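Asker: I'd like to ask you about the structure that follows.
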């Protein structure tokens, strides 16, 4: 079945460091891919998305590129801030359900 | 922010008691979902609704039932709570079907969650 695999957390970084959170997927057909973010004490909110191969989603300085050849959708940010501390979820839709990965906690220290 | 209210936000109950969680939306969105969030599992879909009185099971529906008698309300009921149902429950809404071409069906708006502890 369709699934999403994320790197284990937590990811701990100093402010202004470069961030990569890995995400790979398994799906039949051509899924749309998403990154959601969950700030402490809140629900999830959509961060960015890509709907076809080679698309790049971007928002708030975060980017992710849909790589069909490696079935990946890694999240990157060039310079993280303390306010980016949150849990990040990779997700996909291939048919009719949104399927989430297990989440990766990011902790950014000043 | 999308108008989604979950109640109660926190609840502690005992094994074997019934529990109902309520999701109320003011967005008039057709599609509503209940997820549970557990460490190591991410979010898993319990039940969903594509309209009034139109509900279906997700991947972890055992022990749960839902009802949707009005567009704005989606109720999740644990008929007899068990300790394995201790979790954080999230309601989500969307105005588009999930499989909509272009991926816009994946844009869900989430409530703030309801933390349930079953002793």
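Protein chains in written order, with this note's numbering: chain A, 561 to 670; chain B, 156 to 274. Glycine included, C-beta positions come from ideal geometry on N, C-alpha and C. Note that the coordinates shown come from a computational prediction; the quantities given were computed from them, not determined experimentally.
Would you decide whether residue 613 of chain A is buried or exposed? Buried here means 16 or more other CB atoms lie within 10 Å of its CB.
Answerer: Classification for residue 613 of chain A: exposed.
Asker: Listed from N- to C-terminal order along the chain, which residues in the segment 651–665 of chain A have their beta-carbon within a distance smaller than 9 Å of any beta-carbon of chain B?
Answerer: Against chain B - using a Cβ distance shorter than 9 Å - the residues of the segment 651–665 of chain A are 651, 652, 653, 654, 655, 656, 657, 658, 659, 660, 661, 662, 663.
Asker: For the pair the segment 195–210 of chain B and the segment 170–182 of chain B, tell me if three or more CB-CB distances fall below 8 Å.
Answerer: Touching, no.
Asker: Which one of B:171, B:220, B:250 has the shortest CA to CA distance from residue 265 of chain B?
Answerer: That would be B:250, whose Cα lies nearest to the Cα of residue 265 of chain B.
Asker: Pairs of beta-carbons, one from the segment 569–576 of chain A and one from the segment 626–640 of chain A, closer than 8 Å: are there three or more?
Answerer: Yes, they touch.
Asker: So for residue 644 of chain A, helix, strand or coil by DSSP?
Answerer: The answer is helix: DSSP assigns residue 644 of chain A an H, G or I state.
Asker: Which residues does DSSP pair with residue 567 of chain A in a beta bridge?
Answerer: Looking at the DSSP assignment, residue 567 of chain A forms no beta bridge with any residue, so it has no partner.
Asker: Determine, using beta-carbon pairs with one atom in the segment 185–205 of chain B and one in the segment 218–229 of chain B, whether at least three such pairs fall under 8 Å.
Answerer: A contact exists between the segment 185–205 of chain B and the segment 218–229 of chain B.
Asker: Between which two residues does the beta strand (DSSP E) containing residue 247 of chain B stretch?
Answerer: 242–249 is the span of the beta strand (DSSP E), which, as asked, contains residue 247 of chain B.
Asker: For residue 205 of chain B and residue 246 of chain B, I'd like the C-alpha separation in whole angstroms.
Answerer: Their backbone Cα atoms lie some 14 Å apart in a straight line.
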